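Undergrad: Chains as they are written, first to last, in the numbering used here: chain A, -10 to 254; chain B, 1136 to 1515.
Supplied in structure tokens, the structure appears directly below.
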Ligand SMILES: Nc1ncnc2c1ncn2[C@@H]1O[C@H](COP(=O)(O)OP(=O)(O)OP(=O)(O)O)[C@@H](O)[C@H]1O
Ligand SMILES: [Mg+2]
């Protein structure tokens, strides 16, 4: 018993870590395993192993167009939110203008407001303005809620930037534009990239706001939701797992580049 | 860009420069001419406005009032990148995302110079760090970063180089070596250097002209020897080296010397070495100029009697004494250990003497301790 206690004490952190990771990864493993299920209609019972779902992910009707919509919306919304968010972040971090404090607070509002309320209000607004809900209303909605996240990430990065670096650049004959391009932007870039990744994953993932403003357009989350009742094809798992692997790759690549930057040249 | 760096040449002139933060004058009505090609040191305690002054010259800070000229060209409102000025920043400010090579090449590239390799290599050689060219600034030690900061500025050969404590992070040996390098570069290329430092020895050995700054103003400006021998204020007398300053009254003037009464004892000071405005005087004598002897001796020159040794520190080449005088003030005496006579002991009664030419007189209404509490000699 004493021996066990000592062993337990020594390995407590390890046990805790294993339990934590198990908790985090079981759903993902489950998704992964069931992407190989030889399913019929619904993907709830294990019926045997197959590669078919992976070799033909577009087999179920509508799944790939929905994915395509999600990716398109994600990319456009990310581009818009990143551009606008970065500009807002620079304005907030660098210029003292009237009402800066208020803007600083207001920028958090979309993050704090319940999505249901945002989605419903947006729909009302679009209808009042005479917009037909669809692809572009989704894009506009996504840009709107992604901006806050981009602003927050980029602003933190700008705040940690030593203003003397830009002064040194100016001192070394770089004018305003060159200073921005050669010093400011490269140093803020990791923040912008982080904001963009966050924006894309938020947009790709969004169900609630999208559901209100989609009209007849189907995105991947909407597809999954509507098919969950009738039986979700295993191809949805394939796409889910692929997105997970892609995200993992981006994170690992980012860390690798970051480490390489630090260690060698 | 390069047009300004080539065209504007001549003396650097600051006229009535003031910089105010809120209601605090960081730099206070400063007027200063720095001759072209000179090595000018700005010396002063922390917070006296040295960095602020440099930043205004570099164009990184806007003066609240006053003008800055290089030769006949006014540069007060010129953008920093148009000025023929480069700065070695107090905190280096190396670009963390660029290699050492690219850091050094930055200024050259911005001026449109294509073939930078030779110049960069040469200047890296000069600071003895050519093997670090491919590294990033975070992979360098503080001293190495500092040398790269110097290299990044001097590679541009600006008409005017501003150095904000560029050698502060180096150990003594490297510092001496870099001082020699810098001095060599300055004379060789004929650049004007404005060198900010805490280290009076550095200022004394390197500079042609030193300006001692205090609370946003220039206290005194001159050659190192002139400042040391003829301090005009108590602050300069205490800040540059150490001084004994004794309150007294001028009681007589004959020929070219004043007779000064110091708590009942009479000493002399040359008229032209005294800046006292009336009979009230701060009588000054440097510790190393004083001879210390037992009371029985007879002396020539100025003599002060009735001292008691309260502290002795033997430091090899010399011995430092603290001597308490009858009026309660402690005076400092540095004696060279070159006469074979064993040092005096604590408690001994002594008299102090010196040649009258060494004494100087300051305005008697000044605070005798000004500048002594900020004297940085000990901690450098
Ligand atoms: N941006 C600022 N806002 C308010 N006060 C400032 C600012 N910059 C400098 N000061 C003040 O101006 C004074 C002079 O500062 P400066 O940096 O020129 O000192 P310094 O002589 O370079 O000191 P050190 O030797 O410690 O570097 C200081 O009292 C400082 O607190
Ligand atoms: Mg400073």
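All residues carry an ideal CB built from backbone N, CA and C; glycine is no exception.
In this text, all values refer to a predicted model and were calculated from it rather than measured experimentally.
Between which residues of its own chain and residue 1261 of chain B is the CB-CB distance below 6 Å, once the five residues before and five after are set aside?
TA: none
Undergrad: Going along the chain, which residues of its own chain have a beta-carbon closer than 7 Å to the beta-carbon of residue 1267 of chain B, five neighbours each way excluded?
TA: 1235, 1275 and 1279
Undergrad: Using DSSP with H/G/I as helix, E/B as strand and the rest coil, what is residue 1125 of chain B?
TA: Since the first residue shown for chain B is 1136 and the last is 1515, residue 1125 of chain B is missing from the structure and cannot be characterised.
Undergrad: Output, in chain order, the set of chain A residues within a Cβ distance shorter than 8 Å of residue 1228 of chain B.
TA: Residues of chain A whose Cβ lies closer than 8 Å to the Cβ of residue 1228 of chain B are, in chain order, 151, 153, 154, 156 and 157.
Undergrad: Please go through the segment 15 to 74 of chain A and give each complete alpha helix (DSSP H) segment of 4 or more residues, from N-terminal end onward.
TA: List check, alpha helix (DSSP H) in window: 41 to 44.
Undergrad: Taking only runs that begin and end inside the segment 181 to 243 of chain A, name each unbroken alpha helix (DSSP H) of 4 or more residues, in chain order.
TA: 197 to 202 and 209 to 219
Undergrad: Regarding residue 1335 of chain B and ligand 2, is the C-beta to nearest heavy atom distance less than 7 Å?
TA: no
Undergrad: Can you tell me whether DSSP reads residue 1233 of chain B as helix, strand or coil?
TA: coil
Undergrad: If we define contact as Cβ-Cβ less than 8 Å, is residue 163 of chain A a contact residue for chain B?
TA: yes
Undergrad: Under the assumption that residue 1456 of chain B contacts residue 1438 of chain B (Cβ atoms under 8 Å), give the Cβ distance between them as a whole number of angstroms.
TA: Not really, about 16 Å apart at Cβ, beyond 8 Å.
Undergrad: Cα separation between residue 1141 of chain B and residue 1296 of chain B?
TA: Residue confidence is low: residue 1141 of chain B scores 42 on pLDDT, short of 50, so the model does not pin down where it sits. Its coordinate-derived value is still stated next. Their Cα atoms are separated by approximately 14 Å.
Undergrad: Mind listing the chain A neighbours of residue 1195 of chain B? Cutoff is C-beta to C-beta under 8 Å, in chain order.
TA: 156, 159 and 160
Undergrad: With ligand 2 as the reference, list in chain order each residue whose Cβ lies under 7 Å from any of its heavy atoms.
TA: B:1185, B:1186, B:1225, B:1299, B:1300 and B:1331
Undergrad: Quick check on residue 1216 of chain B - is its C-beta less than 8 Å from some C-beta in chain A?
TA: For residue 1216 of chain B, the answer is yes, since a Cβ of chain A falls inside 8 Å of its Cβ.
Undergrad: Name, please, each residue of chain A whose Cβ falls closer than 7 Å to the Cβ of residue 1232 of chain B.
TA: By Cβ distance, chain A contributes 175 and 176.
Undergrad: From the DSSP output, which residues share a beta bridge with residue 1428 of chain B?
TA: B:1486
Undergrad: DSSP state of residue 1318 of chain B, grouped into three classes?
TA: Helix at residue 1318 of chain B.
Undergrad: Which bits of chain A does residue 1242 of chain B rub up against, with CB to CB less than 8 Å?
TA: Within 8 Å of the CB of residue 1242 of chain B, the CB atoms of chain A belong to 161 and 162, in sequence order along the chain.
Undergrad: Using the C-alpha atoms, what's the distance from residue 1237 of chain B back to residue 1500 of chain B?
TA: Answer to the nearest angstrom: the Cα atoms are 56 Å apart.
Undergrad: Just mark residue 1489 of chain B as buried or exposed, buried being the case when its beta carbon has 16 or more other beta carbons within 10 Å.
TA: Only buried fits residue 1489 of chain B, as 16 or more other CB atoms lie within 10 angstroms of its CB.
Undergrad: Hey, could you find the ends of the alpha helix (DSSP H) residue 142 of chain A is sitting in?
TA: 124 to 148
Undergrad: Please confirm whether residue 1085 of chain B and residue 1410 of chain B have their CB atoms less than 8 Å apart.
TA: The question about residue 1085 of chain B has no answer, for chain B in this structure spans 1136 to 1515.
Undergrad: Where does residue 1391 of chain B sit, in a helix, a strand or coil, going by DSSP?
TA: coil
Undergrad: List, in chain order, every chain A residue whose beta-carbon is nearer than 8 Å to that of residue 1221 of chain B.
TA: 160 and 161
Undergrad: Closest Cβ-Cβ distance between residue 92 of chain A and chain B: below 8 Å?
TA: Output row for residue 92 of chain A: interface = no.
Undergrad: Can you check whether the CB of residue 1223 of chain B is closer than 8 Å to the CB of residue 1254 of chain B?
TA: The answer is no: Cβ separation not under 8 Å.
Undergrad: Which runs of the alpha helix (DSSP H), 4 residues or longer, sit entirely within the segment 1213 to 1261 of chain B?
TA: 1235 to 1245 and 1252 to 1261
Undergrad: Assuming residue 128 of chain A contacts residue 77 of chain A under a Cβ cut-off of 8 Å, what Cβ separation, rounded to an integer in Å, is found between them?
TA: Cβ atoms of residue 128 of chain A and residue 77 of chain A stay farther apart than 8 Å, at about 18 Å.
Undergrad: In chain A, which residues lie less than 9 Å from residue 1224 of chain B when you measure between Cβ atoms?
TA: Under the 9 Å cutoff, chain A gives 153, 156, 157 and 160.
Undergrad: Taking residue 1246 of chain B as the query, report the chain A residues whose CB atoms sit under 8 Å from its CB, ordered along the chain.
TA: 162
Undergrad: For residue 1450 of chain B, count neighbouring C-beta atoms within 10 Å of its own C-beta (all shown protein chains included) and say buried if the count is 16 or more, exposed if not.
TA: By the 10 Å Cβ count, residue 1450 of chain B comes out exposed.
Undergrad: Cβ of residue 246 of chain A less than 8 Å from any chain B Cβ?
TA: no
Undergrad: Whose C-beta lies closer than 8 Å to the C-beta of residue 1203 of chain B among residues of the same chain, with five residues either side of it excluded?
TA: 1147, 1148, 1149, 1150, 1152, 1191, 1192, 1209, 1210 and 1211
Undergrad: Is there a Cβ of chain C sitting closer than 8 Å to that of residue 167 of chain A, yes or no?
TA: Among the protein chains in the structure shown, which are A and B, there is no chain C.
Undergrad: Flag this pair as yes or no: are the beta carbons of residue 227 of chain A and residue 43 of chain A separated by less than 8 Å?
TA: yes
Undergrad: Below 8 Å on the Cβ atoms is my guess for residue 1415 of chain B versus residue 1384 of chain B; work out the distance and round it to an integer in Å.
TA: 6 Å
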